[in-house]
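Before any comments, here is the structure.
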Amino acid sequence: MKRNRKPSAGDRSGSSGTDHGGNGSDGAHGTGDGTVLEGARERWVSTGGVELCVAELGDPERPTVLLVHGYPDSKEVWSKVARRLQDRFHVVLYDVRGCGRSTAPKPLRGGFTLEKLTDDFLAVAEAVSPDEPVHLVGHDWGSVQGWEFATVRRTEGRIASFTSMSGPSLDHLGHWIKRRTRRPTPRAAGQLLGQGAKSWYVYALHTPVLPELAWKGPLGKRWPRVLELTERVPGDGYPTGSLPTDAAHGAWLYRDNIRARMRRPRTDCYAHVPVQLITPTGDIFLSERLYDDLEMWAPRLTRRTLPAKHWVPRTRPDQLAAWIGEFAAKSDSDVPAREPMARGAHADRFAGQLVLVTGAGSGIGRATAFSFAEAGARVVAVDRDAESAARTADMARLVGAPEAWAETVDVADEQAMEKLAEKVAAEYGTVDVLVNNAGVGISGSFFDTSTEDWRRTLDVNLWGVIHGCRLFGKQMAERGQGGHIVNTASASAYQPSKMLPAYSTSKAAVLMLSECLRAELAGQGIGVTAVCPGFVNTDIARNATFAGTDEHEQKRLRRKSSRLYGIRNYPPEKVAEAILRAVVRNQAVVPVTPEARGARLMSRFTPHTLRAVARIQPPL
Amino acid sequence: MRSVTNGYSSADLRGFREVQQLGFACAESVAARLKPGVTEREAARMQREWLRERGVRDWFHLPFAWFGDRTAFTGFKIPLQFFPTGRKLEPGMPFVLDMAPIHRGFTSDIGYSGCLGPNPVHDRLMSDLRGHRELILREVRERRSLREIYENVERLMISQGYANRHRAYPFGVIAHKVDRVSDRRWSPTLFGFGTNSLRGLAKDALHGHRDGWSPLWSPYRFSDHPPQPGLWAVEPHLGFRGTGAKFEEILVVTDSRDPEESAFWLDDDLPHVRRWQEEARSV
Chain A
2 MKRNRKPSAG
12 DRSGSSGTDH
22 GGNGSDGAHG
32 TGDGTVLEGA
42 RERWVSTGGV
52 ELCVAELGDP
62 ERPTVLLVHG
72 YPDSKEVWSK
82 VARRLQDRFH
92 VVLYDVRGCG
102 RSTAPKPLRG
112 GFTLEKLTDD
122 FLAVAEAVSP
132 DEPVHLVGHD
142 WGSVQGWEFA
152 TVRRTEGRIA
162 SFTSMSGPSL
172 DHLGHWIKRR
182 TRRPTPRAAG
192 QLLGQGAKSW
202 YVYALHTPVL
212 PELAWKGPLG
222 KRWPRVLELT
232 ERVPGDGYPT
242 GSLPTDAAHG
252 AWLYRDNIRA
262 RMRRPRTDCY
272 AHVPVQLITP
282 TGDIFLSERL
292 YDDLEMWAPR
302 LTRRTLPAKH
312 WVPRTRPDQL
322 AAWIGEFAAK
332 SDSDVPAREP
342 MARGAHADRF
352 AGQLVLVTGA
362 GSGIGRATAF
372 SFAEAGARVV
382 AVDRDAESAA
392 RTADMARLVG
402 APEAWAETVD
412 VADEQAMEKL
422 AEKVAAEYGT
432 VDVLVNNAGV
442 GISGSFFDTS
452 TEDWRRTLDV
462 NLWGVIHGCR
472 LFGKQMAERG
482 QGGHIVNTAS
492 ASAYQPSKML
502 PAYSTSKAAV
512 LMLSECLRAE
522 LAGQGIGVTA
532 VCPGFVNTDI
542 ARNATFAGTD
552 EHEQKRLRRK
562 SSRLYGIRNY
572 PPEKVAEAIL
582 RAVVRNQAVV
592 PVTPEARGAR
602 LMSRFTPHTL
612 RAVARIQPPL
Chain B
1242 MRSVTNGYSS
1252 ADLRGFREVQ
1262 QLGFACAESV
1272 AARLKPGVTE
1282 REAARMQREW
1292 LRERGVRDWF
1302 HLPFAWFGDR
1312 TAFTGFKIPL
1322 QFFPTGRKLE
1332 PGMPFVLDMA
1342 PIHRGFTSDI
1352 GYSGCLGPNP
1362 VHDRLMSDLR
1372 GHRELILREV
1382 RERRSLREIY
1392 ENVERLMISQ
1402 GYANRHRAYP
1412 FGVIAHKVDR
1422 VSDRRWSPTL
1432 FGFGTNSLRG
1442 LAKDALHGHR
1452 DGWSPLWSPY
1462 RFSDHPPQPG
1472 LWAVEPHLGF
1482 RGTGAKFEEI
1492 LVVTDSRDPE
1502 ESAFWLDDDL
1512 PHVRRWQEEA
1522 RSV
């Protein structure tokens, strides 16, 4: 074990420290996003017989954000988030007693109770921000502690806001279990069993000695690899070398607190600060259902969900830093607590995310941009018609987008798309959700469709999607923090028709492209969805090409077909809803209208019926 | 002097204008008295009582009131949903008051949109209605077919990013004809509509059916004819994600060859028009 010793001789248990320069981590040094807290000012805070290692970043004059790590972690788990916050905040991290470079209490048993951890927190807060309350952020056991801090009386006035991720209050959990055991309806019993199975490691950690042996032996050695494989935590030097002792000491967090709080949860565990709850939906240790009744305990609650696994501070630092920063800024402002601006569906998921929609000047694209705006996303509305794109961006701001921009680009133009991708990355950031929606309609028999018609159709409908996925998908993949791509295909991707050979071909290609891309990007946490709307009341028919007709006839057909779309009158807003839902659920193929769903079903079970339908000449 | 070739004397038009002003005065009076917690039914009753006190005994239709997302007819499937409900007004909520009193035989049908406190979306909708009032008058003067004008209005709404919500009205009408109604001692209503007016409308529909026009201005084939002289209560209705806004007022159509006289708004001194004038001044 190489560990940095505190300058004054501190009492230290369980480690044979040798002096060693650097920051105490044996991980990658000097890498931009590694584990080293470059430029951090260190200090030691003594409290209740232990010495806590505290690191500070950023200007101490700014509001303080205090990051508390979980189990088995050390403060370096926050390195990526801290770096992203240090320009705006005074960022403070500390190693919880017994972890990282903080010393452990002696004896260990009884030294990790939540009361003592609260003493630690108050001592650190007093040292780093004596006058102002701090914005508390906790992950895993840091969040469990945070709930204790935010609900006990003696911390009142010391906390400005609390952001919790992946760590429920033990008292709330105790009540959650009690309520469900008292009335074990099938649903309640299912929830209990589900969380019970996810908590296997809690029971394991209550075994004496064995966990310590495992962590100091094979498990400690293999843990980084386990994290990389099962949790997709990038192998960039985290966990640090202190992991075996962190994990061994940390077992006492469970042994000292769990049984006591489960047996007698506090009844006054109401949060006295605004709380932001960030729930990773892929967490294998904690069920989302744990937070169902949380409004009862935390009246000022903001919910956020994140499609990620447990170690979000390592895997999703950008999103966390954005939400922490926004929440802290909102809690600091003097304006009395107001409802969040975005109240649309899925605001917990999309607030503050960057969404780019092509073909956003009309129809489904525009409705989708508005739906994302209502959910609080920042929207880039791309259309080849400047005026309608600007109108979309303008209205998006009105319905709740914190920021919205209009970009005039023809998606078929490779160079223009490349320029757009560069501009978006430089000025607005990495796109979180990409909606490749731009498309053109074309009808007419195969022999009437000229090569020029084919080229234009494929250029927009297929190449536009390819450019979008290639350029923005690449940015997403390089960032490595997940994302989602939605491609607008069509019901005619699987419903053949003698009237739509070029259009159906292009859309079938989009459908298959989406499926392939989904397979390729699955490992990087990027979802891909193909949406197949069906007949939706948009301008597509009014702007469609009818191959092999003169101008007069084309005009008549456009008017006639757009009237039929009007009579069908399926609103694009419903497609937009389906798109948001598909992103939240990470669905692969989403037929929207009943006819699209019916055709999808028939394409699987009775394809010959669809072939018969394909021969019908529509009454135009 | 306006031509009288639509069958109405200038005294008649004055009568229609007065009852239209009465309607808007009622709307403004009720709107000023709306406060959080008032229900649609209460707002409708306030309109009814205000007009009854001023001598209104018969109705083209009884007053309607829509609050919140009901201004955009969200989720409306059957016509009964148009009737006022127990929905309570909340701060920032948009509302629409729609009434059609008949006074001394003159019919009016007016629509008034407002909101309780600031609502930027509603403000934008109201400003954007201006383009529709201008478009309708221009194209009626050009003697385009009503169905075509309907489609052009709808296209303008879509380009503005809105949904056409007058499609939710019976027959999807953007306008309907109104006429004089003889004073009767007994004037019952049927599903909110005055039977005397319904009889007039039915008579028009019968005549129109013979002559190839319709008193309902709809997106359907029976409206594929040039504007018919008479008085049309025009009600373009915008909807945008749970917020709706409309105006309704009377457009006079004559058979004059002079474009200026062939169609004109009965009155330009109306709340929504004054609002646009103020907006134009402040810019």
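Line by line, the protein sequences are chains A and B. Residues in the first sequence are numbered consecutively from 2, following the numbering used here. Residues in the second sequence are numbered consecutively from 1242, following the numbering used here. We treat Cβ as the ideally placed atom computed from N, Cα and C, and that holds for glycine. These figures come from a predicted structure and were not determined experimentally.
What does Pro-1467(B) reach in chain A if we use C-beta pairs closer than 7 Å?
Ordered by position in chain A, no residue passes the 7 Å Cβ test against Pro-1467(B), which lies about 18 Å from the chain.
So, do the region 484-499 of chain A and the region 559-572 of chain A have three or more beta carbon pairs nearer to each other than 8 Å?
no
Over the uninterrupted beta strand (DSSP E) stretch that includes Phe-1505(B), give me the two end residues.
1504-1506
Exposed unless 16 or more other CB atoms sit within 10 angstroms - verdict on Gly-251(A)
buried
Quick one: does Ser-562(A) have its CB under 8 Å from some CB of chain B?
no
In chain order, what residues of the same chain have a beta carbon less than 6 Å from the beta carbon of Asn-289(A), not counting five sequence neighbours either side?
The question names Asn, but residue 289(A) in the sequence shown is Glu. Excluding residues up to 5 positions away in sequence, Thr-280 lie with their Cβ nearer than 6 Å to the Cβ of Glu-289(A) in the same chain.
Limits of the unbroken beta strand (DSSP E) element including Pro-1528(B):
One cannot answer for residue 1528(B) here, as it falls past the ends of chain B, which runs 1242 to 1524.
Pick from Ala-1474(B), Glu-1383(B), Val-1271(B), Trp-1506(B): whose alpha carbon is nearest that of Val-1337(B)?
When only C-alpha atoms are compared, the closest one is Val-1271(B).
Check Val-441(A) in the structure and name its three-state DSSP category.
coil
What do you get for Phe-1301(B), buried or exposed, if any count of 16 or more other CB atoms within 10 angstroms of its CB means buried?
buried
Cβ of Val-511(A) within 8 Å of Cβ of Leu-459(A)?
Taking the C-beta atoms as reference points, Leu-459(A) is found no nearer than 8 Å to Val-511(A).
Less than 8 Å between the CB atoms is what I'm expecting for Ile-178(A) and Gly-364(A), so what's the real figure, rounded?
In fact, because the Cβ distance is near 49 Å, the residues do not count as touching under 8 Å.
Give a yes or no on whether 8 Å exceeds the smallest Cβ distance from Arg-367(A) to chain B.
yes
What does DSSP give as the partner residues of Lys-331(A) in its beta bridges?
In the DSSP output, where bridge partners are listed per residue, Lys-331(A) has none listed.
Tell me the rounded alpha-carbon separation between Arg-1382(B) and Ala-613(A).
49 Å
My output table needs one value for Trp-1307(B): the three-state DSSP class, helix, strand or coil.
When DSSP states are grouped into helix, strand and coil, Trp-1307(B) belongs to the strand group.
At what residues does the beta strand (DSSP E) containing His-91(A) begin and finish?
91-95
Asp-257(A) to Gly-528(A) span [Cα, whole Å]:
41 Å
Which same chain residues, not among the five before or five after Leu-581(A), have their C-beta less than 6 Å away from its C-beta?
Leaving aside the five residues that flank Leu-581(A) on each side, the residues in its chain whose CB is nearer than 6 Å to its CB run, in chain order, His-347, Ser-372.
Pairwise C-alpha distance: Lys-331(A) and Gln-277(A)
11 Å
Short-range partners of chain A found in the region 1297-1330 of chain B, where Cβ spacing is below 8 Å:
none
Quick one: measure Cβ to Cβ for Val-1419(B) and Ala-1474(B), integer angstroms, because I've assumed they're closer than 8 Å.
5 Å
Quick check on DSSP: helix, strand or coil for Tyr-202(A)?
helix
CB contact check: Asp-411(A) to chain B, cutoff 8 Å:
no
How is Asp-1496(B) classed by DSSP in three states: helix, strand or coil?
coil
Under the three-state DSSP convention, the category Tyr-566(A) falls into:
helix
Relative to the C-alpha of Leu-1511(B), which residue among Gly-1346(B), Arg-1440(B), Phe-1265(B), Leu-1442(B) is closest?
Comparing alpha carbon positions, the residue from Gly-1346(B), Arg-1440(B), Phe-1265(B), Leu-1442(B) closest to Leu-1511(B) is Phe-1265(B).
Gly-1480(B) versus Pro-240(A): straight-line alpha-carbon distance, rounded:
54 Å
Where Arg-1516(B) and Gly-1471(B) are concerned, what is the direct C-alpha to C-alpha distance, given to the nearest angstrom?
27 Å
Grab the span of the beta strand (DSSP E) containing Thr-1436(B) for me, first residue to last.
Where Thr-1436(B) is concerned, there is no enclosing beta strand (DSSP E), although the alpha helix (DSSP H) it sits in stretches over 1436-1452.
Closest Cβ-Cβ distance between Ser-1349(B) and chain A: below 8 Å?
It does not: the Cβ of Ser-1349(B) has no partner Cβ on chain A nearer than 8 Å.
Tell me whether Pro-64(A) is buried or exposed, calling it buried when 16 or more other Cβ atoms sit within 10 Å of its Cβ.
buried
Can you grab the Cα-Cα spacing for the pair Asp-1364(B) / Arg-1258(B), in whole Å?
27 Å
Answer with buried or exposed for Gly-526(A), where buried requires no fewer than 16 other C-beta atoms within 10 angstroms of its C-beta.
buried
Run through DSSP, which three-state label would Ile-1399(B) get?
helix
Just to make sure I have the definition right: I need the residues of chain B whose C-beta is within less than 8 Å of the C-beta of Glu-375(A). Which are they?
Arg-1482
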